[in-house]
Every structure is written in structure tokens, then in C-alpha cells.
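According to this note's numbering, the sequence shown holds residues 753 to 1090 in order.
The structure under discussion appears below in the form of C-alpha cells.
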Amino acid sequence: MATASLPLFNLTVKSSPLCFRFHIGGNKPLYASSYAKFGSSKKNRDGAFNISVCKAVSSSLSFRDLDADDFRHPLDKQNTLLLKAIPGLNEIGKVLLGSISEQVMVLENIGTSVLVSEKQLSELHQLMAQAAEALKIEAPDLYVRQSPVPNAYTLAISGKKPFVVVHTSLIELLTRKELQAVLAHELGHLKCDHGVWLTLANILTVGAYTIPGIGGMIAQNLEEQLFRWLRAAELTCDRAALLVVQDPKVVVSVLMKLAGGCPSLADQLNVDAFLEQARSYDKASASPVGWYIRNAQTRQLSHPLPVLRAREIDEWSRSQDYKSLMKRAISTDSLQKV
């Protein structure tokens, strides 16, 4: 996924207890999640834009007693344990985390976006409500923000309701079902408490850079560990998306469009060809030299390569774990309103 376009502030520590985007050591984005046709816009005779909104999904599923560990990727579990093992991580985070930076981020996003509700872009509101019901999590607030960069991200501040921001260009790129997969992916981060560990590890890394002598070495080690965890967390949230939309091709299509999609070419893209491309990447990186290049290519990425994510979700969709989860799914009443 692309990097979330959160504003950069002149603050010593840019952080919040659940903010999926930070900068450490220059312009390197640590984390963001983005995915993206919810609707289209056309000018009326007065020159203003009217938004044509698709109808919400007419039926959905819910999972009885769904726990985050039911769908958490094994690499996510493993790397979360490694983060928890860092001595004093929680304590250092509480000391370094400031409330001013949180407030700036919240006000910036709320002040420059449109809040989705039953009275405002109601069909998009329903897509979020359905996804939240399926994953057994309280629906966060949802905002639509004008931006040419296809993206979506999640913020949650201590004591405040979390919210998701979706960029307009992302909405234009995706189908309705694909957009719901994006929302479910963002909910997956909340369901798994990913932001907590992201923020604390980020703060610790920022602090480590200020330690004379060995600070850079400590920070680099933590940064690599954090990137490894972030890539695993993305695989978990792709699984959350699949649980909601129940069609692996929808999730793969999102990843394909993020890799090389645009509205004018969307109807010509082929999911099966993209999966074949993913298998070709595996073959090309199977040799010792290919393995080295692959690791060098991905070690500093906050997100796995789109082709690798596509292959992962395709394989999980055929696994016994996924089939067992789907057996626990129950139908819910439609949230559609005409």
C-alpha cells in the first residue's frame, strides 16, 4: 500500500497511540495503510460536482466470537512477541508521547475532511458498518479527504474514538466491494491493536537516535525489526479484508490496482494474470542471488510487495484455517437503505 499523506508537523515527536504513519531519519515513511469505485463525480449544469454513490452491499456475514488471533498471520504473532519483549517499551512510550502532537493530528484530519454518517455519504457509512459487524469491532468514524494519492489510514488517540480516512482518488480507483475490502483492512489494524505497538516502537526508535555514540546503531536495529513486524501486520489485515468480502479475487484486485491501476484501465486488469505474475516473482527469487536481491528489496519496506501479498491471500483462501473460519460465519440482516 502507498504511504498515507498525513501532514508533517514541526513537532519533536510525531505520534499518537494509533497512528499508522511516522517518519524516522529523514523522509522514510514507517507505516501507513492504503488501499482503492465507491462512486464517481460529475459536473452539473451549474459547474458543481455531484457524487454518484453506489448502493451498499445487500448482504453480509458476521463471525461468532471472532478473536484477532483467529486470523492473525503467523509472522505477525511472532514479530509482535518480539516487540513485546523489548524492555521498557511501554514505559518509554508513555514518557515520550505528547498530547499536543495528538491534538494537531486529530484537528488536521477532521478539519480537512468530510465526516461520513447516515446523512452524509450514507452508503459508504453502511459499508463500514457491515465490515465492523463482520469483524466484531465497533465501527470507527470515517472521513473522506480530497487527495490525488490513493490511500487510506487509521488514527486512534488515547481516550478518543478511532477514525479512518479514505482519499478521494482511492475511492475513484476501486469498485464498491474492493472499497469495503479496504475498510475491512483498516479495521483489521484496530482489531489487532497494531497501532499501539507501532507507536511505541516508533517513539523508542526516535529516542534511540538521540543517544550519543550507539544511538544510530540501536535505532537501525529497532527500525529493521519494526519494518519486519509491519510487513507481517499487513498480511494479517489482508486476511481481515478477505473475511469481510469473502472473495480472494476482490482483495487481490485491490493489490493489483495499487501496483499499477488507474480508473481508465481498471476494467482491463486481470486478477489471474496478476497471480501468475506473483508466482513468477517467487520463481525468479528462488536462486541464491535472487533470494539476496529479494531481501535487499524488501527489508526497508513497511509493506510487503503487492505481488507477495496477493500470493499470500490467495494461498490462505484455500487453507483449512480459512475454511474453518467461514464455517463459523452467520448471515446478518442487510444494512442497505434505498
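Glycine is no exception: its CB is placed at the ideal position from the N, C-alpha and C atoms.
Open item on the list: On the CB-based measure, 16 or more other CB atoms within 10 Å of its CB, does residue 1009 come out buried or exposed?
Closed with: Against the sequence shown, residue 1009 aligns to sequence position 257. Buried.
Task: Three or more C-beta pairs below 8 Å linking the segment 995 to 1013 and the segment 930 to 946 - done: yes
Task: Beta-carbon gap between residue 867 and residue 828 smaller than 8 Å - done: Within the sequence shown, numbered from 1, the residue matching residue 867 stands at position 115. Within the sequence shown, numbered from 1, the residue matching residue 828 stands at position 76. Cβ atoms of residue 867 and residue 828: not closer than 8 Å.
- [ ] Provide the residue span of the alpha helix (DSSP H) that contains residue 823, from first to last.
- [x] The residue given as residue 823 occupies position 71 in the sequence shown. Per DSSP, residue 823 belongs to no alpha helix (DSSP H) and is neither H nor E.
Open item on the list: I want to know whether the segment 976 to 993 touches the segment 937 to 948 - three or more CB-CB distances under 8 Å.
Closed with: Taking 8 Å as the limit for Cβ pairs, the verdict is that the segment 937 to 948 does touch the segment 976 to 993.
TODO: Compute the beta-carbon to beta-carbon distance between residue 917 and residue 904, rounded to the nearest angstrom, for a pair I have assumed lies under 8 Å.
DONE: For the purposes of this step, residue 917 is identified with residue 165 of the sequence shown, where counting begins at 1. For the purposes of this step, residue 904 is identified with residue 152 of the sequence shown, where counting begins at 1. Right, the Cβ-Cβ distance comes to about 7 Å (below 8 Å), so this counts as a contact.
Task: Per DSSP, the bridge partner or partners of residue 897 - done: Within the sequence shown, numbered from 1, the residue matching residue 897 stands at position 145. Note: residue 897 sits in a beta bridge opposite 919.
Task: Environment of residue 1002 [buried if 16+ CB atoms lie within 10 Å] - done: Here residue 1002 refers to the residue found at position 250 of the sequence shown. It is buried - the Cβ of residue 1002 has at least 16 other Cβ atoms within 10 Å.
Open item on the list: I want to know whether the segment 1009 to 1019 touches the segment 1071 to 1082 - three or more CB-CB distances under 8 Å.
Closed with: no
Task: Backbone secondary structure at residue 906 - three-state DSSP - done: Here residue 906 corresponds to residue number 154 of the sequence shown, with the count starting at 1. It is a strand residue.
Task: For residue 1040 and residue 1083, the rounded distance between their alpha carbons - done: Here residue 1083 corresponds to residue number 331 of the sequence shown, with the count starting at 1. Here residue 1040 corresponds to residue number 288 of the sequence shown, with the count starting at 1. In a straight line, the C-alpha of residue 1083 is about 48 Å away from that of residue 1040.
- [ ] Can you tell me which of the three DSSP states residue 872 falls into?
- [x] Numbered from 1 along the sequence shown, position 120 holds the residue referred to as residue 872. In the structure shown, residue 872 sits in a strand (DSSP, three-state: E or B).
Task: Start-to-end residues for the alpha helix (DSSP H) that takes in residue 1065 - done: Mapped onto the sequence shown, residue 1065 falls at position 313. 1058 to 1069 is the extent of the alpha helix (DSSP H) around residue 1065.
- [ ] Would you mind stating whether residue 926 and residue 992 have Cβ atoms separated by less than 8 Å?
- [x] Your numbering for residue 926 matches position 174 in the sequence shown. Your numbering for residue 992 matches position 240 in the sequence shown. No, the pair does not count as a contact, with Cβ atoms beyond the cut-off.
- [ ] Using the Cα positions of residue 1059 and residue 1070, report the straight-line distance between them to the nearest angstrom.
- [x] Here the question's residue 1059 lines up with position 307 in the sequence shown. Here the question's residue 1070 lines up with position 318 in the sequence shown. One C-alpha to the other measures close to 17 Å.
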